[in-house]
Amino acid sequence: MSAPTSFPIGATVTIDQLADDPYPIFHRLRATEPVTWAPAIGQWMVTSRDLVMEVLRDTMRFRTDDPRSPIRETFGPQMLSTEGAPQRRYKSACAPPFNAKAADALTPLVNDVVAAHVGALPASGADLRSTYAAPVAVATVARVLGLDPAGDGLLREWYDTFADALINYAGDPETRTRAEAAVLAFRASLQPILRAPDVASSALLHTLARAHPRLLDDEEIAANALIVLFGGIETTEASIANTLWAILSHPSALGVGHLDADAVDRCVEETFRWEPAVQTCSRYAPQAVMLGGVPIPAGAIVQCMLGAANRDPAHYRAPDSWNPARADPTPHLAFGFGRHFCLGAALARVEARTALLALFRRHPHCRLDPERPSRPHGHEFRKPPRLDVLWA
Ligand code: HEM
Numbered sequence: 008m009s010a011p012t013s014f015p016i017g018a019t020v021t022i023d024q025l026a027d028d029p030y031p032i033f034h035r036l037r038a039t040e041p042v043t044w045a046p047a048i049g050q051w052m053v054t055s056r057d058l059v060m061e062v063l064r065d066t067m068r069f070r071t072d073d074p075r076s077p078i079r080e081t082f083g084p085q086m087l088s089t090e091g092a093p094q095r096r097y098k099s100a101c102a103p104p105f106n107a108k109a110a111d112a113l114t115p116l117v118n119d120v121v122a123a124h125v126g127a128l129p130a131s132g133a134d135l136r137s138t139y140a141a142p143v144a145v146a147t148v149a150r151v152l153g154l155d156p157a158g159d160g161l162l163r164e165w166y167d168t169f170a171d172a173l174i175n176y177a178g179d180p181e182t183r184t185r186a187e188a189a190v191l192a193f194r195a196s197l198q199p200i201l202r203a204p205d206v207a208s209s210a211l212l213h214t215l216a217r218a219h220p221r222l223l224d225d226e227e228i229a230a231n232a233l234i235v236l237f238g239g240i241e242t243t244e245a246s247i248a249n250t251l252w253a254i255l256s257h258p259s260a261l262g263v264g265h266l267d268a269d270a271v272d273r274c275v276e277e278t279f280r281w282e283p284a285v286q287t288c289s290r291y292a293p294q295a296v297m298l299g300g301v302p303i304p305a306g307a308i309v310q311c312m313l314g315a316a317n318r319d320p321a322h323y324r325a326p327d328s329w330n331p332a333r334a335d336p337t338p339h340l341a342f343g344f345g346r347h348f349c350l351g352a353a354l355a356r357v358e359a360r361t362a363l364l365a366l367f368r369r370h371p372h373c374r375l376d377p378e379r380p381s382r383p384h385g386h387e388f389r390k391p392p393r394l395d396v397l398w399a
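Residue numbers (the numbering used here): 8 to 399.
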């Protein structure tokens, strides 16, 4: 596939710029090249909300089930790298704990996880990304799946190995081998659950193992558990950290101790729009296709830039402002759109609300550490590398 040359702004895009502050270049692209070729990533980028939705809606022309998909290569076929009947079967089998009502019912579980971690924070302050947002995200998804708390540390190690493999664009064989070993170890760790299906537990893995007749076989359970795990860790960690950072970098006179659940929900929702943790959904075009008047060649990889869509001025007033009171009715696309809309969106909202409220109640004088400034960074997952906060 030869690289097109008629995209002058796309030609200037760099990965550093996308990781550091992508929003100025997103505005420039959206205004004149909403579908562009970015040589720096060797892929197409889409930046207008309407066109992002057009791609994500059309699972015939823009697909996830391409053999080049690193998610498919690492985890095997599961709901985020299949289309049509198999995707619907995987997703509906895994859906029960994740609809809005079920996720609300998980609030006590999330409360327990959060209480254990908020109580363990140091006396004067902490890096809240690594000591709070990250372990809360791992423990919650692990409990929802039905995995033993003793394995949370190992789960994080496996997660980091998978994450490296999913951005292994250079095809480094060692990275691939490490990820394969982590997938095998994860599958082996599921054996006790799959072999003893009659355990009385409502956790997802136990429910799937016990179903009679089975909705998914062992391979399918493992692959879909992997995508639930992968989908639920860094995303939630980043969203909690990004919302904390947004709130603390826009201090109000009343302080965080006065934020109630409604106010926290509005801050969480606005941060999903303003600094989405997942910046892009990748799609593969098996056939040549026109998008926004631009011919896209067969075999193209198209990146739907969610952070760009969420700041599209055609849909959001003053899109660069963080404004939890905004009255715009337009939903954000932080959880994607269409058939692959995030399975865990309702749970992610419960986690963020619970984690923030518990922290602000425990530490009402919580504030950013002026000596160690930080802000979100990253072109695929976006979050502050550290979030140093004081409360003493
Ligand atoms: C705030 C946190 C989260 C964000 C920002 C987020 C974002 C997303 C996005 C953008 C997609 C669409 C991917 C695509 O279309 O290419 C997605 C899909 C998915 N997410 Fe999330 N996610 C979050 C939390 C979670 C949680 C907590 C779970 C599970 C416990 C989860 C599980 C999944 C799964 C399984 C999919 C694939 C759904 C499908 O292919 O049908 N996510 N997520």
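Where a beta carbon is used, it is the ideal one built from N, C-alpha and C, also for glycine.
For clarity, every value in this text was computed on a predicted model and none was experimentally measured.
Taking non-hydrogen atoms of ligand 1 into account, the C-beta of lysine 390 is found less than 7 Å away from none of them. Taking 7 Å as the cut-off, the C-beta of alanine 195 does not count as close to any heavy atom of ligand 1.
Fewer than three Cβ pairs drawn from the segment 263–275 and the segment 39–51 lie within less than 8 Å of each other, which leaves the two stretches out of contact.
For proline 115, the enclosing alpha helix (DSSP H) stretches over residues 114–126. Close CB contacts of serine 131 within its chain, under the 6 Å cut and outside five residues either way in sequence, are with Ala399 (chain order).
Under the three-state reduction of DSSP, serine 259 is assigned to coil, being neither helix nor strand. The distance from the Cβ of proline 391 to that of tryptophan 252 is about 5 Å, consistent with a contact at the 8 Å cut-off.
Across the structure, valine 120 and threonine 242 are spaced so that their CA atoms are roughly 17 Å apart. For glutamine 94, no beta strand (DSSP E) encloses it; the enclosing alpha helix (DSSP H) starts and ends at 91–101. In the DSSP assignment, serine 196 falls outside any beta strand (DSSP E) and lies within the alpha helix (DSSP H) extending over 180–202.
DSSP places proline 142 inside the alpha helix (DSSP H), whose first and last residues are 141–152.
Here the C-alpha atom of alanine 332 lies approximately 16 Å from the C-alpha atom of histidine 322. Between the alpha carbons of glutamine 310 and alanine 127 lies a gap of roughly 40 Å. According to the DSSP assignment, glycine 239 belongs to the alpha helix (DSSP H) that extends over 225–239.
No Cβ-Cβ contact shorter than 8 Å links alanine 341 with phenylalanine 388. Inclusion of phenylalanine 33 and threonine 54 in the CB contact set at 8 Å is warranted, their separation being smaller than that value. Between the segment 343–362 and the segment 141–159 there are three or more C-beta pairs closer than 8 Å, enough to call the two in contact. A direct Cα-to-Cα measurement between valine 20 and serine 259 gives close to 36 Å. Boundaries of the beta strand (DSSP E) around glycine 132: 132–134. Alanine 38 has its alpha-carbon roughly 42 Å from the corresponding atom of proline 371. Relative to ligand 1, the beta carbon of threonine 243 is positioned inside 7 Å of a heavy atom. Measuring C-alpha to C-alpha distances from phenylalanine 105 to each of Arg382, Leu211 and Ala315 identifies Leu211 as the nearest. Look at glycine 158: its beta carbon is at least 7 Å from all of the heavy atoms in ligand 1. Excluding residues up to 5 positions away in sequence, Thr71, Asp72, Ser76, Ile78 and Arg79 lie with their Cβ nearer than 7 Å to the Cβ of serine 88 in the same chain. Counting other Cβ atoms within 10 Å of its Cβ, phenylalanine 237 reaches 16 or more and is therefore classed as buried. With a cutoff of 8 Å on beta-carbon distance, isoleucine 234 and glutamine 85 are scored as near each other.
Counting along the chain, the unbroken alpha helix (DSSP H) around arginine 64 starts and ends at 56–64.
Within the DSSP bridge table, the entry for phenylalanine 69 names no partner. When the five nearest sequence neighbours on each side are left out, the beta carbons in the same chain lying within less than 8 Å of the beta carbon of arginine 35 are those of Ile16, in order along the chain. Measuring C-alpha to C-alpha distances from serine 196 to each of Val206, Arg290, Thr214 and Asp155 identifies Asp155 as the nearest. Per DSSP, alanine 45 is one residue of the beta strand (DSSP E) stretching across 42–45. Minimum Cα-Cα distance from arginine 202 among the listed residues Ser209, Ala26 and His213 corresponds to His213.
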